[in-house]
Amino acid sequence: MDEILKPQQLEYTGAKQPKTGEQGSNGQLLSPYLPSPELVEAVNLAIYLERPLLLKGEPGCGKTQLVTAVAHELGLPFEAWYVKSTSRALDGLYTYDAVGRLRDAQLAASGRLSEADLRRIEDPSTYIRWGALGKAFRQTRRTVVLIDEIDKADIDFPNDLLLELDERRFRVEEIDQEIRAVIPPIVFITSNDEKDLPDAFLRRCLFHYVEFPSSDRLSQIIRSRFPQTSQKLVDQAVSRFLELRQEMRKDKGEGGKKASTSELIDWFRVLQRYPEEKALAQLSGKLPFAGVLLKSWEDHIRYLRLGKGG
Amino acid sequence: MDELPLLELFTRLREAGMPLGIKDYELALRALQGGYGLAVQGATPVENRAALARLCRTLWVRSPDEQRLLDVYFDQLFSHEATPEALPKSKRRIFQGVIVSLVSLLLLGAGVKLWLTYHPLDLILKNLPSQPTPSPVSSDAGSTKTAGQHASITPASQPSPLPPPPPPPIWIDWSLPLVLILGVGGFGVWGFVRGLLKRGTDPSSESEPNTNLASELLHETEDEIQLAQAVRQLATQPDRSRDRFVLSADYLPVTQRQMKQSWRHLRRMVREGLAVELDVEMTVRQIASDGLLLEPKMISPHVNRTELVLLLDQDGSMVPFHSLSVRLAETAQRGGRLGQAGIYYFHNCPVDYLYTDAWHQEAEPTSNVLAQLRRDRTVVLIFSDAGAARGGLNFKRVSLTIAFLRRLKQHVRYVTWVNPMPKTRWAGTTAGEIARYVPMFEGTRQGLDQSIDVLRGRNVLNSQLHEVTQRQGEL
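Take a look at the structure:
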């Protein structure tokens, strides 16, 4: 009881990494994640202040990955809510299966339901399907909740979540019941900055911009993912990758789509399948496996010849 | 010094227009109590500062613009605290200034008295032309300007002006130290008076670099709230009577944030797309008529289907309002889901071509643009002074504009006009004439809100009624 009333302080360090092949609570394969110290601090602050943490950054810089890493290190259950353009705020709390209830009512009226079924449908909460936030509020353990790409939904979507995030309660109109969070969940919200979020919503969040990792950190990330590969290959690949990125930044400015960390990881995965000498040889020539890094025809034409050998 | 931590920074950020509330401050306090952003054992002051800055950034900052704002204010506030001797130093400087000026005043008085007793006025007037000669020497001896030494300096600096014989020796004897004393004394008095004046007009002389920085930031972030802030600050400081005017290139009656909020209202919900929502009412009605449930009735969900087309007048009399129109375009594009918010530019009045860029380089025939508009969802907002900035009535412009509006109204249902000039300036100008054919509003918050109401199909009746009554009045 005491534990529920006064939750002990959780602390994320970013040091505990999953073993290869380890699976998360949702069955997803976990991979190592190396956060920057600033990011770790922001996460801890969000946990301590019980505020949602809004993460922004380039696509593919590991915003979503962070959340699974946090849930894994703290050993907490993890609920994800992947927002779509048609999502409504209510979807994250609960959905009410009105059609199912109607069908059951019809079946019951025609006397085609068993005794057990009848008892089941007596209870109106049978037709409620809880969303990610709804589940997290009802849990007795602290839950890590991810609201992914919140900017994809309608512009009013974030505003509809204010009360839920602020006071951690909501009302299920269909059964006239109020759900209050037993224990405040740790909420992460990611945004790709496609749309501005409303001020009222921003006010309730902590904010962190996930920066693109430095070249040392990139090497570390690659090494932690592919521990068997040689340092030389990693360094070569990272420097080649950064060269490409630098070039892209020069051409497109800060706003354009640049090759991201996740693309680097994919690219390296292809590279390390080859013997080391061959991979190194490929790296020094024309950009190998360019399809992994260059995602548009223009990029393809422009950066493919950008080899060291010319 | 028993103040709340970070309060100064918080207040300054708020004054600079960052949307922070008491809650945000409480949050910072709680974080500090929780040991975040505080000194770690063995960390250098620089590291401690960085930790505190990081805390503030995570708690209060939500965009790159705000980050810049925070960085500037943070540096201002905490670089002062990092060098605690800064304040005593300035006090010492003032003290020194007072002493120096008092001593030089004494010297000046004594020198003048002595001089007058030895040299009556007629002698001085007679010798006046020769005065320039000793001045280079005095600047030479200026480095040794202590009071008691003046007797010993004179023989030392004598040899060089000796060769020319005409000036009487007594004159040289006295003129040299006198010029020296006068110089030192005058300088001291001037410095002292200046210091006093400065202290009088500006009680916090340390905040002077701050205002400079704020204005730099103004250019950098182009944030109009700060401009408003600067105006307000000047208005509340009565003793700054000299610089009551703020010179700024921007005219910003509506802030960016207000624009965003206004755009948010521009939405027309249309049922569209796949039928995925249960239409309870229809289903119940169906059951009632059929006697049993055959199938649930589904309906398409509500979606916001508004496509905004912005027509912006560019160049000419609109130059002062360019920053406003850029903002309007930016907020419309980013702030809301307005379908494909098309932005077109024109000069004075749209005729055969509209331009897709502000520099009138890429033209598109007006008929093409109009053909793409969809009557049921597109709305058009025109931003132009309609000749009100320059004044005068231009019939050609009126007829061209009205012809365009007529064409436009065949393609879209709602058209509105935002005029950056105040309403009082429309009467008797081209704008006044055009305002009879299209709902025209001022470029203020209210005006923008009203024009968005028009685009939503509200208020239209009022403006049309207004139009009708005006026409009747005309007849």
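Protein chains in written order, with my numbering: chain W, 1 to 310; chain X, 1001 to 1475. A virtual CB, placed ideally from N, CA and C, is assigned to each residue, including glycine.
Step through the CB atoms of chain X and report whether any lies within less than 8 Å of the CB of Val70 of chain W. Indexing the first sequence from 1 puts residue 70 of chain W at position 70. Judged by the 8 Å Cβ criterion, Val70 of chain W is not in contact with chain X.
Is Gln1372 of chain X near the ligand HEM - that is, is its Cβ less than 7 Å away from at least one heavy atom of it? With respect to small molecules bound, the structure shown includes none, and the ligand HEM cannot be examined in it.
Under the three-state reduction of DSSP, which class applies to Val43 of chain W: helix, strand or coil? Along the first sequence, one-based indexing puts residue 43 of chain W at 43. Residue state, collapsed to three classes: helix.
Closer than 6 Å by C-beta to Leu161 of chain W: which residues in its own chain qualify, once you throw out the five before and the five after it? Chain order, please. Against the first sequence, residue 161 of chain W aligns to sequence position 161. So the qualifying residues of the chain are Ala89.
Would you call Lys16 of chain W buried or exposed, if buried means 16 or more other Cβ atoms sit within 10 Å of its Cβ? By one-based count along the first sequence, residue 16 of chain W stands at place 16. So Lys16 of chain W ends up on the exposed side.
Measuring straight from C-alpha to C-alpha, what distance separates Val144 of chain W and Arg1305 of chain X? The sequence position of residue 144 of chain W within the first sequence is 144, counting from 1. The sequence position of residue 1305 of chain X within the second sequence is 305, counting from 1. Their backbone Cα atoms lie some 35 Å apart in a straight line.
Under 7 Å, CB to CB, which of the residues in the region 1401–1423 of chain X have a partner in chain W? Those would be none; no residue qualifies.
How big is the Cα-Cα spacing for Ile150 of chain W and Ile1299 of chain X? Your numbering for residue 150 of chain W matches position 150 in the first sequence. Your numbering for residue 1299 of chain X matches position 299 in the second sequence. Distance between the alpha carbons of Ile150 of chain W and Ile1299 of chain X is about 25 Å.
In three-state DSSP terms, what is Val1351 of chain X? Locating residue 1351 of chain X in the second sequence gives position 351, counting from the first residue. In this structure, Val1351 of chain X counts as coil in the three-state DSSP scheme.
Since Leu1007 of chain X sits in a beta bridge, which residues does DSSP pair it with? Here the question's residue 1007 of chain X lines up with position 7 in the second sequence. The secondary-structure analysis by DSSP pairs Leu1007 of chain X with nothing; it has no beta-bridge partner.
Cutting at 8 Å between CB atoms, please list the residues of its own chain near Val1276 of chain X, excluding the five before and the five after it. For this step, residue 1276 of chain X is matched to residue 276 along the second sequence. Around Val1276 of chain X: Met1298, Ser1300 and Pro1301.
Which chain W residues are close to Leu1292 of chain X, counting only those with a beta carbon under 9 Å from its beta carbon? Mapped onto the second sequence, residue 1292 of chain X falls at position 292. The contacting residues are Gln106, Ala109 and Ser110.
Helix, strand or coil for Leu1106 of chain X, going by three-state DSSP, please let me know. Translated into positions along the second sequence, residue 1106 of chain X becomes position 106. Here Leu1106 of chain X sits in helix by DSSP.
Closer than 8 Å by beta-carbon distance: list the chain W residues that pair up with Gly1342 of chain X, in chain order. As a working mapping, residue 1342 of chain X is identified with position 342 in the second sequence. Those do not exist, as Gly1342 of chain X stays about 18 Å from chain W at its closest Cβ, beyond 8 Å.
When the cut-off is 8 Å and only beta carbons count, does Ile195 of chain W lie next to chain X? Counting from one through the first sequence, the residue named residue 195 of chain W turns up at place 195. According to the sequence as given, residue 195 of chain W is Lys; it is not Ile. Cβ-Cβ to chain X under 8 Å: yes for Lys195 of chain W.
So within the region 207–294 of chain W, which uninterrupted beta strand (DSSP E) runs reach at least 3 residues, ignoring any that extend past its ends? Whole beta strand (DSSP E) segments, 3+ residues: zero.
With DSSP collapsed to three states, give me the class of Glu1277 of chain X. Reading the second sequence from its first residue, position 277 is the one you call residue 1277 of chain X. Strand.
Based on DSSP bridge pairs, tell me the residues matched to Thr1378 of chain X. As a working mapping, residue 1378 of chain X is identified with position 378 in the second sequence. Bridge partners of Thr1378 of chain X: X:Glu1307.
Counting Cβ pairs, one atom from each stretch, are 3 or more of them under 8 Å apart for the region 287–307 of chain W and the region 1019–1030 of chain X? In short, these stretches do not touch, since the Cβ pair count stays below three.
Does the separation of the CB atoms of Ala1031 of chain X and Leu1006 of chain X fall below 8 Å? Here the question's residue 1031 of chain X lines up with position 31 in the second sequence. Here the question's residue 1006 of chain X lines up with position 6 in the second sequence. Contact flag unset, no.
Close-in-space but distant-in-sequence residues of the same chain around Gln1013 of chain X (CB under 7 Å, 5 per side omitted): Looking up residue 1013 of chain X in the second sequence gives position 13. What sits at residue 1013 of chain X in the sequence shown is Leu, not Gln. Excluding residues within five positions, the ones whose Cβ falls inside 7 Å are Leu1020, Trp1060, Leu1069, Leu1070 and Tyr1073.
State the DSSP-derived secondary structure class of Glu1364 of chain X, mapped to helix, strand or coil. To locate residue 1364 of chain X, count along the second sequence from 1; it is residue 364. Strand, per DSSP.
Taking Val1254 of chain X and Leu1311 of chain X to be in contact with their CB atoms under 8 Å, please state how far apart those CB atoms are, rounded to whole angstroms. Residue numbering aside, residue 1254 of chain X sits at position 254 when the second sequence is read from its first letter. Residue numbering aside, residue 1311 of chain X sits at position 311 when the second sequence is read from its first letter. Not confirmed; about 18 Å, so no contact.
At least 3 beta-carbon pairs within less than 8 Å: the region 1354–1365 of chain X vs the region 1398–1410 of chain X: no
What does the alpha-carbon distance come out to for the pair Asp154 of chain W and Gly1273 of chain X? On the first sequence, position 154 is the one that residue 154 of chain W refers to. On the second sequence, position 273 is the one that residue 1273 of chain X refers to. In a straight line, the C-alpha of Asp154 of chain W is about 15 Å away from that of Gly1273 of chain X.
Endpoints, the beta strand (DSSP E) within which Asp148 of chain W is located: Position 148 of the first sequence, counted from the first residue, corresponds to residue 148 of chain W. It spans Val144 to Asp148 - the beta strand (DSSP E) in which Asp148 of chain W sits, taken as one unbroken run.
Is there contact here, the region 89–105 of chain W with the region 229–248 of chain W, by at least three beta-carbon pairs under 8 Å? When C-beta atoms of the region 89–105 of chain W are compared with those of the region 229–248 of chain W, fewer than three pairs fall below 8 Å, so the two segments do not count as touching.
For Pro1019 of chain X, three-class secondary structure by DSSP: As a first step, residue 1019 of chain X is located in the second sequence; it is residue number 19 there, counting from the start. The answer is coil: DSSP assigns Pro1019 of chain X none of H, G, I, E or B.
Alpha helix (DSSP H) runs contained entirely in the region 1389–1427 of chain X, provided each spans 4 or more residues: 1395–1411
If Leu218 of chain W sits next to Leu165 of chain W, beta carbons under 8 Å apart, how far is it from one beta carbon to the other, in whole angstroms? As a position in the first sequence, residue 218 of chain W is number 218, starting the count at 1. As a position in the first sequence, residue 165 of chain W is number 165, starting the count at 1. Actually they are not in contact, since the Cβ atoms of Leu218 of chain W and Leu165 of chain W sit about 34 Å apart, beyond 8 Å.
Taking Cβ positions only, does Pro1019 of chain X come closer than 8 Å to chain W? By 1-based counting over the second sequence, the position of residue 1019 of chain X is 19. At least one chain W Cβ lies under 8 Å of Pro1019 of chain X.
Mapping DSSP to helix, strand and coil, what is Lys152 of chain W? Counted from its first residue, the first sequence places residue 152 of chain W at position 152. Three-state result, Lys152 of chain W: helix.
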